[in-house]
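Student:
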Amino acid sequence: MRMRRQDFDDVVVTHGRRVFTLAVYLLANREEAEDVTQDVLVKLWRRGHEVSLERVGPWLVRVTRNACIDTIRRRKNGGRVDVDGESGIELFERAPGPENLAYASQLGGRILKALETLSEPSRSVVILREIQGLSYQEIGDALEMPISNVRVTLHRGRRRLREELREVRDHVAAC
Amino acid sequence: MLQHVDGQSCADVLDRLDAWVDGDLVESEAASVEAHFDRCASCSAARRMAADLAMELRSLPTFEVPERVLHAVRMKARPSPWERLKSYRNGFLLRPVTAVAVLAVVVLVVVAISPWRGRGGHQYTGQEIERAAEETKLALAYVGSITRRAELRVKEKIFDEGIAAQTVSGVRQSLKIIGGAAAATADMPATPLPHGKGS
Chain A
908 MRMRRQDFDD VVVTHGRRVF TLAVYLLANR EEAEDVTQDV LVKLWRRGHE VSLERVGPWL
968 VRVTRNACID TIRRRKNGGR VDVDGESGIE LFERAPGPEN LAYASQLGGR ILKALETLSE
1028 PSRSVVILRE IQGLSYQEIG DALEMPISNV RVTLHRGRRR LREELREVRD HVAAC
Chain B
195 MLQHVDGQSC ADVLDRLDAW VDGDLVESEA ASVEAHFDRC ASCSAARRMA ADLAMELRSL
255 PTFEVPERVL HAVRMKARPS PWERLKSYRN GFLLRPVTAV AVLAVVVLVV VAISPWRGRG
315 GHQYTGQEIE RAAEETKLAL AYVGSITRRA ELRVKEKIFD EGIAAQTVSG VRQSLKIIGG
375 AAAATADMPA TPLPHGKGS
């Protein structure tokens, strides 16, 4: 059984921006973000019966994040999916291509660059909280984490970002 | 870096820096942290950096889903033929007006194939045949028009031109033609019409 078409259209209007924005910042690549967004929304259509309308927001964030992580793993392994688990995975180590550099410039490369140094789940939590303005509760629901873990993860992410930005400033000052 | 100001260590204050940025500290706690900032240059710099970072992150853009992605999603997220049929069945075929039209078609088909047709020496007049043909066409056109637009058009005709009355009348006439169904014709309920049109 699928979602009613009207419900599906409403969800796309309400949550589409959140899905695409999360994918853009997690992947730092617009084309891949478009592919992931398309896949996630089609998956919502096909598996709408598995999620109630009240829970669709957290579900979309979770599915989008997982799809982005899968995309990143495939990049690192030449198309293979790494099944060894997430521990120690540095999600954004890859050298940026020209299109990504251009995109970084568009967003304000300094912050984006600093964001890329974060590993998961800090990166997702920072994006959801700081850029998308989700509450701790919403983030916890989406990532299936207790609120206390959300706070700690966000704290670590912010601290890491500040360190990164301080290094950049020091470097610029020294030049 | 001062280690203690007003009884607070810099480490304590820096631990609460994020809560202060988020506005999560109670008033008295926030006031004491701010007092520490006023006296500690190092923590004050950290506060500026935290506030700047939060502001920069919050000013980053969010993105609308591109139209080409939405188009691709719409193409893949279409109801299957069976789901469309179910939708029509639930939303269209069960309506009273539709039921009358379907009944009309069934009766007319029965008339057309009836083995008793023409028995008893009854000769159909040209007017009767023409009228029966018109009623059949109307009913078939109505049932055939299963798209929403066609449905609305037919609805307008039914309500505005009193066609429902004509259809019921035609069905009655057809039943009279087969003779044996005359009693059933008398029991058939008339379709209620808006605006008191038709009979």
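Taken in sequence, the protein lines are chains A and B.
Taking this note's numbering, I'd label the letters of the first sequence as residues 908 to 1082.
Taking this note's numbering, I'd label the letters of the second sequence as residues 195 to 393.
Think of the CB as a built atom: it goes at the ideal place given N, C-alpha and C, for glycine as much as any other residue.
What you are looking at is a predicted structure, and each value in this text was computed from that prediction instead of being measured.
(1) For Leu219 of chain B versus Ala244 of chain B, is the C-beta distance shorter than 8 Å?
(2) Please determine if the stretch 935 to 947 of chain A and the stretch 959 to 972 of chain A are in contact, where contact requires at least 3 C-beta pairs separated by less than 8 Å.
(3) Let me know the secondary structure DSSP gives Ser1031 of chain A once reduced to three states.
(4) I'd like the list of long-range same chain contacts for Ile1054 of chain A, defined as Cβ closer than 6 Å, with 5 residues on each side in sequence excluded.
(5) Contact defined as beta carbons within less than 8 Å: I believe Leu251 of chain B pairs with Ile1018 of chain A. What is the distance between those atoms, to the nearest angstrom?
(6) If we call anything under 8 Å between Cβ atoms a contact, is Leu162 of chain B one with Arg1069 of chain A?
(7) Using the C-alpha atoms, what's the distance from Ser1031 of chain A back to Phe231 of chain B?
(8) Measure from the C-beta of Trp966 of chain A to each C-beta in chain B and report whether the shortest distance is under 8 Å.
(9) So Val926 of chain A packs on Thr978 of chain A, CB below 8 Å; how close in whole Å?
(10) Listed in chain order, which residues of the stretch 930 to 950 of chain A have Cβ atoms closer than 7 Å to some Cβ of chain B?
(11) Suppose only complete runs of 4+ residues qualify. What are the alpha helix (DSSP H) ranges in the stretch 230 to 268 of chain B, listed by chain order?
(12) Report the start-end ranges of each alpha helix (DSSP H) in the stretch 1032 to 1058 of chain A that is 4 residues or longer and not cut off at the edges.
(13) According to a CB-to-CB cut-off of less than 8 Å, which residues of the stretch 238 to 271 of chain B neighbour chain A?
(14) How should His368 of chain B be labelled, buried or exposed, when 16 other C-beta atoms within 10 angstroms of its C-beta is the threshold for buried?
(15) Would you kindly work out how many angstroms separate the C-alpha atoms of Ala205 of chain B and Asp216 of chain B, rounded to a whole number?
(16) Would you say Asp212 of chain B faces chain A, with C-beta separation under 8 Å as the test?
(17) For Thr1024 of chain A, which option in A:Asn1056, A:Val1059 and A:Gly1064 has the closest C-alpha, if you only look at C-alpha atoms?
(18) Please report the straight-line C-alpha distance between Arg912 of chain A and Arg272 of chain B, rounded to a whole angstrom.
(19) So that I know if they touch, is there some Cβ in chain A lying closer than 8 Å to that of Lys331 of chain B?
(20) Which residues in chain B have a C-beta closer than 8 Å to the C-beta of Ile1038 of chain A? List them in chain order.
(21) With a cut-off of 8 Å, does the C-beta of Arg924 of chain A fall near any C-beta of chain B?
(22) Expressed to the nearest angstrom, what Euclidean distance is found between the alpha-carbon atoms of Tyr336 of chain B and Glu322 of chain B?
(23) Does the beta-carbon distance from Ala298 of chain B to Ala333 of chain B come in below 8 Å?
(24) Comparing alpha-carbon positions, which option in B:Ala213, B:Arg233 and B:Cys234 lies nearest Ala224 of chain B?
(25) Under a Cβ-count criterion, where at least 16 other Cβ atoms within 10 Å of its own Cβ denotes burial, should Thr921 of chain A be classed as buried or exposed?
(26) Using a Cβ-Cβ cut-off of less than 9 Å, list which residues of the stretch 1055 to 1070 of chain A approach chain B; keep chain order.
(27) What separation, rounded to the nearest whole angstrom, lies between the Cα atoms of Val207 of chain B and Leu1061 of chain A?
(28) What does the alpha-carbon distance come out to for the pair Arg981 of chain A and Val227 of chain B?
(29) Mind checking Val300 of chain B: buried by the 16 CB within 10 Å criterion, or exposed?
(30) Got a sec? Which residues, its chain only, sit under 6 Å from Thr330 of chain B by beta carbon, not counting five neighbours each side?
(31) Which chain B residues sit within Cβ distance under 9 Å of Arg1073 of chain A?
(32) By DSSP, does Leu369 of chain B sit in helix, in strand, or in coil?
(33) DSSP state of Asn936 of chain A, grouped into three classes?
(34) With distances taken from CA atoms, which of A:Pro1028, A:Ile1034, A:Arg1066 and A:Gly1040 is nearest Met1052 of chain A?
Tutor: For this structure:
(1) no
(2) yes
(3) helix
(4) Tyr1043 and Gly1047
(5) 7 Å
(6) One cannot answer for residue 162 of chain B here, as it falls past the ends of chain B, which runs 195 to 393.
(7) 30 Å
(8) no
(9) With a Cβ gap of about 14 Å, Val926 of chain A and Thr978 of chain A do not count as contacting.
(10) Val931, Glu941, Thr944, Gln945, Leu948 and Val949
(11) 235 to 252
(12) 1043 to 1050
(13) Ala240, Met243, Ala244, Leu247, Ala248, Glu250, Leu251, Arg252, Leu254, Pro255, Thr256, Phe257, Glu258, Val259, Pro260, Arg262, Val263, Leu264, Ala266, Val267, Lys270 and Ala271
(14) Note on residue identity: the sequence assigns Ser, not His, to residue 368 of chain B. Buried is the call here.
(15) 18 Å
(16) yes
(17) A:Gly1064
(18) 8 Å
(19) no
(20) Leu251, Arg252, Leu254 and Thr256
(21) yes
(22) 21 Å
(23) yes
(24) B:Ala213
(25) exposed
(26) Arg1058, Leu1061, His1062, Arg1065, Arg1066, Leu1068 and Arg1069
(27) 17 Å
(28) 46 Å
(29) exposed
(30) Leu302
(31) Met243
(32) helix
(33) coil
(34) A:Pro1028
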